[in-house]
Structure formats: C-alpha cells, structure tokens
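The structure appears right after this line, and notes come after that.
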Amino acid sequence: MSDAIESLIPHRAPMRFIDALAGCTDTTATATANFCAGHFAVADGAVLETALVECVAQTVAAALGQRANNRGQSGGAADGMLIAVTNFQIQSRAPAEKELHIEIRERKRLGPMLMISGTVSCEGQAVASGEITLYA
Numbered sequence: 722m723s724d725a726i727e728s729l730i731p732h733r734a735p736m737r738f739i740d741a742l743a744g745c746t747d748t749t750a751t752a753t754a755n756f757c758a759g760h761f762a763v764a765d766g767a768v769l770e771t772a773l774v775e776c777v778a779q780t781v782a783a784a785l786g787q788r789a790n791n792r793g794q795s796g797g798a799a800d801g802m803l804i805a806v807t808n809f810q811i812q813s814r815a816p817a818e819k820e821l822h823i824e825i826r827e828r829k830r831l832g833p834m835l836m837i838s839g840t841v842s843c844e845g846q847a848v849a850s851g852e853i854t855l856y857a
C-alpha cells in the first residue's frame, strides 16, 4: 500500500501502534506493527494484551481510511470508537522487537456499527484473535 499510515488514521505516537497497512479489500485488511522493548505497551519483553486489541482496531481504522482515499475522499478515516471486545483470546505472548501481522475481516455492518474478526500473529503463529465492534 502506498499511503502513509498517518494519513489513514488519527493516531499519533506513542498511541499509533501499527506501522503500515499491507493490504486492503472491501471487507479485509492486513497491517504490521513492531513494538520496541522500551515502548510503554511492552512489559517483561512482551506486548501487552490490550495493545493487541488496539492493533486490530487501528487496522480497521487504516482500512476505512484507505477505502475513503480510494473513493477520492481525503483525510483518512472519520473518527470512530471501539465499542466492544468479544471472545478475544490470547494464545501466546507477543514478543517485543518482532514484527506482528494483523489480519481483519468485516463480519457484519449495521449502519455505523461494524463487527470485525481479527487475528494477530508473529512469525506465522497466532498470538491473539477475537472480535471487536466499532462505531465507525
């Protein structure tokens, strides 16, 4: 993807967790993230579980921003908010200093409400997965 991540989402450091939007379709998207050892969302060498949920949410925001750009609307995604986290499971700890891959898929949409399933993986192994609901 050619659009810089900060043109797609409103998040800025240190709260911008994803580094790049790697792919985007009408219902799916992939992104990458890398947390340095000194980042506030890292403890004991691993990314905090709440940051993994936020990576999924930021991937949704980036996809919405990319889709808006594709329609000729500049300015990235409109402001949205995370409403609910459902069935989010942590399979293993996500290590700092390793690239994380985030995959999202739109499950349901009802007006501005959007249900997303997401998976975070590291080195080909899933570390977290679940569903989030957003107002976007």
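My numbering numbers the first residue of the sequence shown as 722 and each following residue consecutively. Beta carbons: idealized from backbone N, C-alpha and C, even for Gly. All values derive from a computational prediction rather than experimental measurement.
Inset, instruction - Tell me whether A734 is buried or exposed, calling it buried when 16 or more other Cβ atoms sit within 10 Å of its Cβ. - result: By the 10 Å Cβ count, A734 comes out exposed.
Inset, instruction - Can you tell me the Cβ-Cβ gap for A741 and I726, rounded? I've got them flagged as a contact below 8 Å. - result: Their Cβ separation, rounded to whole angstroms, is 6 Å, which keeps A741 and I726 in contact under 8 Å.
Inset, instruction - Give the single residue among G786, G744, N791 and A778 whose Cα lies nearest to the Cα of V806. - result: For the set G786, G744, N791 and A778, the Cα lying nearest the Cα of V806 is the one of A778.
Legend entry - Straight-line Cα distance separating T780 from A789: Cα to Cα, the separation comes out at about 14 Å.
Inset, instruction - Ignoring anything shorter than 3 residues or poking outside the region 732-782, list the beta strand (DSSP E) runs there in chain order. - result: Whole beta strand (DSSP E) segments, 3+ residues: 739-745 and 749-754.
Legend entry - Proximity of I739 and A754 at Cβ, strictly below 7 Å: A contact, by the Cβ cut-off of 7 Å.
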